[in-house]
Amino acid sequence: MMKTRRLKTALCTVLASSTFAVASVQAIPLPFPIGASSGIDVSGHQHPNGSSINWQDVKSHGQSFAFVKATEGLGWTNDFYASDITQAAAQGLKVGSYHYARPGADARQQARHYAKVIFHTPNHSLPPVLDLEVAEGKTPQELVNWTRDFVQELEKQTGRVPMIYTYRYFWIEQMANTTEFSQYPLWLAAYQAQVPGTVGGWDQIDFWQRSSSGRINGIVGDVDMNLFNGDDGELAAFAAGNLHAAGNKFASINLPELADLGKSAGGVVAVILALSAGAAAAPQLIQAAEAAGLSSEGAQDLTAVVQALAKAGKLPVDQLNKMASGNYTVGDLIILLDNAAHLAGIDVGQSSQAAMRADGLNIDANQVARVIRGLAAR
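Numbered according to mature numbering (1 follows the signal peptide of the UniProt record, and there is no 0), the sequence shown spans residues -23 to -1, 1 to 355.
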């Protein structure tokens, strides 16, 4: 969950049904028939060409809550934040927001920026969220210190207990699986059919980001889909401040009809690393991707995205090495590459931005945009 998330969405779409490319991708059936409340999270990318979200249709399609990206780093604010959160609340959804963390800049200043923005949206019923996915060169202990500063300052500024959003690879490797923050609610991203295990000493997951390729009424294109670990009554209690209201719905959930990205990413990661070291070429990565269940076309497209990052010198080699030596999933790999693209400045979320070069780097952003649009169209 980040500024663009288009790489993640595109790859997840192509990875539907446990393959990397399929002839067509079915919209995720909603609401989930499991008793757990369903909801979405959105950013500016759900507003292509400035289009609006029809929040009445979103509500009618079985959604009970929505998180809206509010801020990123020290000064960026989502232009659609205020209207989205106000309109979603007006339709009866429980609403919240998130701040995409940039640990390379001061934590307390970012918390104050986020708090200032959400202060003007009184319908903000769900806890404010720290979206923590990138390290920006910090060690695990430095990241722990940064996170502590942020959540303490945010709680001071808002009077509310924040929630932490992350994913398994990041928390285990970049945060050293710290247990320090287990008293805060947890929102975990994991694109798999079965409920993921917890991390960092948490005894349960409060919100589960299940997919980034959902399709629902009222929104153009893909959207992140989430489940709350409780029914609508428990969600209402959670929004009212009972942060222990969740915990009854995930124990027996299995969603085999949905795209499952829970398989090991090890084989594909190994060849990506070999390619970055000059020990493999594109055909080998394509072959490895196909062996992992990708179609020929999907494997070629993934290779093009990896090559774009490598050309920019922004392929996250150190993190890929850690991923290769651990038990991580294809979904973890997608999130890692998505964040790498974001930090590299490869922003293909909107066509007007796709033509921009990333941070002055020699990247053919139009080519990357075409690749990712092609992925998303399948």
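All C-beta atoms, glycine included, are put in the ideal place defined by N, C-alpha and C.
In its chain, beyond the 5 residues on either side, V197 have a beta carbon closer than 6 Å to the beta carbon of P25.
Of all C-beta pairs linking the segment 257 to 268 to the segment 106 to 119, fewer than three are shorter than 8 Å, placing the two stretches out of contact.
Judged by DSSP secondary structure, E130 falls outside any beta strand (DSSP E) and instead within the alpha helix (DSSP H) spanning P117 to T135. The segment 304 to 318 and the segment 279 to 287 touch, with three or more beta-carbon pairs separated by less than 8 Å. Non-local C-beta neighbours of V294 in its own chain, meaning closer than 8 Å and more than five positions away in sequence, comprise L250 and S253, ordered along the chain. Judged by DSSP in its simplified three-state form, K46 adopts strand. Counted as a single uninterrupted DSSP element, the stretch harbouring H221 is not any beta strand (DSSP E), since DSSP gives it neither H nor E.
Pairing M300 with L310 gives a Cβ-Cβ distance under 8 Å.
Judged by DSSP in its simplified three-state form, H90 adopts helix. Straight-line measurement puts the Cα of M140 at about 6 Å from the Cα of P105. Taking the C-beta atoms as reference points, F127 is found nearer than 8 Å to A88.
By the Cβ rule, the segment 66 to 76 counts as touching the segment 42 to 58, because three or more pairs are nearer than 8 Å. Taken atom to atom, the span from the alpha-carbon of V121 to that of T156 is near 10 Å. Per DSSP, the continuous alpha helix (DSSP H) segment holding D309 begins and ends at V307 to A321. Linking A321 to K288 through their CA atoms gives a straight-line distance of about 11 Å.
In this structure the segment 25 to 36 does not lie against the segment 211 to 227, because fewer than three pairs of beta carbons, one per stretch, are closer than 8 Å. Around the CB of Q186, 16 or more other CB atoms lie within 10 Å, so the residue is classed as buried.
Of L297, L212 and R192, the smallest CA-CA separation from F184 is found for L212.
If you ignore the 5 residues before and after G21, its C-beta comes within less than 6 Å of the C-beta of N55 and F57, all in its own chain and listed in chain order.
Residue environment analysis places E130 among the buried positions, since at least 16 neighbouring C-beta atoms fall within 10 angstroms of its C-beta. Its chain contains L204, F205, N206, G207, D208, K226, F227 and I230 as the residues whose beta carbon lies nearer than 8 Å to that of A13, once the 5 sequence neighbours on both sides are disregarded; these appear in chain order.
Here A268 is near G244, since their CB atoms are less than 8 Å apart. D83 is not a Cβ neighbour of G195, given a cutoff of 8 Å. Counting the other CB atoms within 10 Å of its CB gives F96 a total below 16, which places it among the exposed residues. The beta-carbon distance between L165 and I149, rounded to whole angstroms, is 12 Å. This is too long to meet the 8 Å contact definition. With fewer than 16 other CB atoms across the displayed protein chains lying within 10 angstroms of its CB, A217 is exposed.
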